[in-house]
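Residue numbering for the sequence shown follows the working numbering, starting at 194 and increasing by one per position. Note that CB positions come from ideal geometry on N, CA and C, so glycine has one too. Structure record follows, encoded as structure tokens.
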Amino acid sequence: MLKNKKVKVTEMPKRGAFLRKQWENNFANHLSNEEKKNICLWDNSEFCGYLWHLFSYKKRDCLKGEEAEKAFNNENKGSCYIFWEHTDHALILENAYILDSEDLEDEYDIYVVDKEFSWTYVKTHETLLCGPYFGRKDTKI
194 MLKNKKVKVT EMPKRGAFLR KQWENNFANH LSNEEKKNIC LWDNSEFCGY LWHLFSYKKR
254 DCLKGEEAEK AFNNENKGSC YIFWEHTDHA LILENAYILD SEDLEDEYDI YVVDKEFSWT
314 YVKTHETLLC GPYFGRKDTK I
């Protein structure tokens, strides 16, 4: 579907963990390790961690729902990364200007971020309750 939109897609096997860590370093760097643990940002023995808990626990300002989709759709997406919460597969997208939230309709726990990690769009598996979210690196609580 992305190739039909003339988006250049490059697969990045085994880069998901690296991109998740970069995402955490850029968007959750204002939290201590204890705060990250308290919101289940990481996997632990009791709960499956999710980076998007940063938004659902209101630890970073963000837009939610339709507002998040609208912000993402209007964002300049020349080059960006796509990765998922629980897989090491990732993608680099080039010429992704027309990528929009509808293109990710069937995806869950997916993260889209520009190459500078200055903004992110997240679609969760709990879309009716949590998200989608759109946030910027320079806005935090």
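The alpha-carbon of His279 is positioned some 9 Å away from that of Tyr243. Restricted to the region 240-301, the alpha helix (DSSP H) segments that are unbroken, complete and at least 4 residues in length are 246-249 and 258-267, listed in chain order. Under the 10 Å beta carbon count, Ile291 is surrounded by fewer than 16 other beta carbons and is classified as exposed.
Under the Cβ criterion (8 Å, minimum of three pairs), the region 313-321 does not count as touching the region 226-237. DSSP places Arg329 in the uninterrupted beta strand (DSSP E) bounded by Tyr326 to Arg329. In this chain, the alpha helix (DSSP H) harbouring Trp216 covers Gly209 to Phe220.
In this structure, DSSP gives Lys230 a helical state, which the three-state scheme calls helix. Using a Cβ distance threshold of 8 Å, Asp281 and Ala210 count as a contacting pair.
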